[in-house]
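Residue numbers (this note's numbering): 507 to 876.
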């Protein structure tokens, strides 16, 4: 396990809070990385195997994501140890308790993430009044329902395709993780003539080189079924999704799904990171050397947090699609321009962009007070 404190730098983390209440099984962590631009926005992730290291890396990714999107927010992340599929009353109790434990952390705004949704944010809103990604009944912009992150990915891919050297129409898409992000990016790219040929969830991989029906798969998932319950296509192991031939490969699940150990199995020309930190730095470097264009997470999947920030500041749902599209297309094109000009990796170019914005925000602050 990496030493998080040894990884601290001039940008953060500003604050790490551990939450523990054994009588109700509550164990969680909050990392507020940087608040120079404003209160940190970052999702609450719920899983059995989360860690401080993962939380810190995700918080830093949010700092970079919010900076490169030029939002009036810093970056943070919270994780809650537990099975997100536990009985709903138990999950509600834990999430409400987590919110109450972090009531005084006013520089952090909760948002939905893996294992949590708009109902979870409503519980948090009820407890401490500080959450985004709320149900529409509470004035929220339901980012998962409208597919804000998938919409942003669609525009990142469209902006990057010329640099990747292929045409969108008729290109093949593979999605690893067919949740809200994976489903919507498949749907939005399908409108541009992209063909979904493979998708994976926690139970396995579904593959059909002739194309899968995205609408039917979305309905299957809505009914609580797995992709492997679909009556067409080949059923493969969960990790088989890594080796499927395609032009566009979208990781939309957990961190570090592509590492130095398995990156050689990828058969794609463009990776658009729908999840946060889904590839290790070494894996990205190997792909770059192979001529595979890899769009960093904090550029490509910023649609969700852009939507959340608009909600937080009272924005109207009807504006979300235009704002997300404009910001992500601009940032993708700017990043690729730097890559071409400087001959560096996309992540290096995107990090340069984000840190330039962040340093500008930090220069206006005397210090941060918690």
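Even glycine gets a Cβ: it sits at the ideal position worked out from N, Cα and C. Keep in mind the model is a prediction, meaning the values are calculated, not measured.
Span of the alpha helix (DSSP H) around residue i
i           : result
residue 601 : 594-607
residue 652 : 649-652
Coil, strand or helix - residue i by DSSP
i           : result
residue 507 : Residue confidence for residue 507 is low, a pLDDT of 46 falling below 50, so the modelled location carries little weight; the figure read from the coordinates is stated next. Reduced to three states, the DSSP call for residue 507 is coil.
residue 521 : strand
residue 694 : helix
residue 832 : helix
residue 515 : strand
residue 857 : helix
residue 644 : helix
residue 851 : coil
residue 632 : helix
residue 673 : coil
residue 869 : coil
residue 846 : helix
residue 611 : coil
residue 668 : helix
residue 688 : helix
residue 625 : helix
residue 863 : helix
Where the beta strand (DSSP E) containing residue i begins and where it ends
i           : result
residue 584 : 581-587
Residue i versus the options, residue with shortest Cα-Cα distance
i           : options            : result
residue 852 : 702, 801, 869      : 801
residue 608 : 808, 523, 656      : 523
residue 731 : 815, 710, 664      : 710
residue 602 : 565, 636, 620      : 636
residue 784 : 510, 717, 768, 729 : 768
residue 654 : 850, 870, 857, 825 : 825
residue 665 : 819, 789, 778      : 778
residue 520 : 528, 581, 688, 790 : 581
residue 526 : 715, 734, 605, 758 : 605
residue 669 : 865, 846, 597      : 846
residue 809 : 793, 611, 568, 843 : 568
residue 585 : 537, 833, 762, 850 : 537
residue 554 : 776, 773, 760      : 760
residue 642 : 863, 705, 788, 822 : 822
residue 659 : 696, 558, 587      : 696
residue 818 : 517, 515, 595, 627 : 627
residue 617 : 548, 870, 775      : 548
residue 791 : 805, 807, 770      : 770
residue 720 : 596, 583, 577, 686 : 686
residue 518 : 539, 530, 528      : 539
residue 677 : 667, 671, 701      : 701
residue 558 : 835, 587, 838, 620 : 587
residue 786 : 795, 803, 765, 780 : 765
residue 575 : 868, 807, 849      : 807
residue 811 : 839, 610, 640      : 640
residue 692 : 671, 708, 661      : 661
residue 667 : 724, 855, 799      : 799
residue 795 : 776, 615, 621, 718 : 776
residue 724 : 620, 638, 651      : 651
For residue i: DSSP bridge partner residues
i           : result
residue 533 : 526
residue 616 : 548, 637
residue 678 : 701
residue 882 : Because the chain spans 507 through 876 in this model, residue 882 falls outside it and cannot be assessed.
residue 538 : 521, 582
Neighbour flag for residue i against chain C, beta carbons, 8 angstroms
i           : result
residue 853 : This model lacks chain C altogether, as it is built from one protein chain only.
* Which runs of the beta strand (DSSP E) spanning at least 3 residues fall entirely within the region 542-576, listed in chain order? -> 546-553
* Which runs of the alpha helix (DSSP H) spanning at least 4 residues fall entirely within the region 795-822, listed in chain order? -> 803-806, 809-818
* Asked: Which runs of the beta strand (DSSP E) spanning at least 3 residues fall entirely within the region 708-793, listed in chain order?
  -> 710-713, 740-742, 754-757, 776-778
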